[in-house]
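Written below as structure tokens is the structure these notes are about.
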Amino acid sequence: MEKVSSWLLSVVGIVIIALLVDILLPVGKTSKLIKSVLAIFSIFVFISPLKSIDLNNFNFSSFFGNIEIDSSFVEDRNNEKMRALEKSIENNLDENGYSGVKVQLQGEYLAEKPNITNVFVDLCELVLKDEKLNIDKYTNIVAVIKKIVTIKEECIIFYE
3 MEKVSSWLLS
13 VVGIVIIALL
23 VDILLPVGKT
33 SKLIKSVLAI
43 FSIFVFISPL
53 KSIDLNNFNF
63 SSFFGNIEID
73 SSFVEDRNNE
83 KMRALEKSIE
93 NNLDENGYSG
103 VKVQLQGEYL
113 AEKPNITNVF
123 VDLCELVLKD
133 EKLNIDKYTN
143 IVAVIKKIVT
153 IKEECIIFYE
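All letters in the sequence shown, in the order written, are residues 3 to 162 by our numbering.
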């Protein structure tokens, strides 16, 4: 407690000296120089107690408390990212002439890149914009999906 009171007395003293210097000194270059030196000295007075802190015995867990991961938030964000990726695939398929296709992804999106294990493609409401797309629709849909998601061809499952 004695160290804190002496430090507090030093801070009050430096504030009083700074006020007196500010009042008594005339405006000019010398005044700016003296105020700069006084500011540096003030900084040293303010941080002087930091040298007595022993960081080896400092208990960070009591300072920061108990930090836990909110798994429901992480799962919600994962689901949001997966839904956005599904919409992106559906929009890309629509642009390529396959409208009404519903895509459902199975996997995780916990890292920078998604880890997709299966892609379920529902073709029940498929509407082809061009008749020639019907010739090899499965291969074309797989190609569009593989442009967006890195996955093996056998992991893309079609439903009609």
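For each residue, glycine too, the CB sits at the ideal point set by N, CA and C. As the structure is a computational prediction, the values presented were derived from the model and not from experiment.
DSSP state of residue i mapped onto helix, strand, coil
i           : result
residue 111 : coil
residue 58  : helix
residue 130 : strand
residue 14  : helix
residue 6   : helix
residue 104 : strand
residue 69  : coil
residue 53  : helix
residue 153 : coil
residue 21  : helix
Cβ separation of residue i and residue j, assumed to be a contact under 8 Å, to the nearest whole Å
i           : j           : result
residue 47  : residue 76  : Actually they are not in contact, since the Cβ atoms of residue 47 and residue 76 sit about 46 Å apart, beyond 8 Å.
residue 159 : residue 122 : 5 Å
residue 144 : residue 155 : 6 Å
residue 139 : residue 100 : 7 Å
Residue i - containing alpha helix (DSSP H), residue span
i           : result
residue 80  : 73-97
residue 42  : 31-49
residue 141 : 139-150
Element boundaries [beta strand (DSSP E), containing residue i]
i           : result
residue 123 : 117-124
residue 159 : 158-161
- Segment contact, 8 Å Cβ cut-off, at least three pairs: the region 33-46 with the region 4-12: no
- Item | Validate contact between the region 124-142 and the region 80-90 using beta carbons, cut 8 Å, 3 pairs | no
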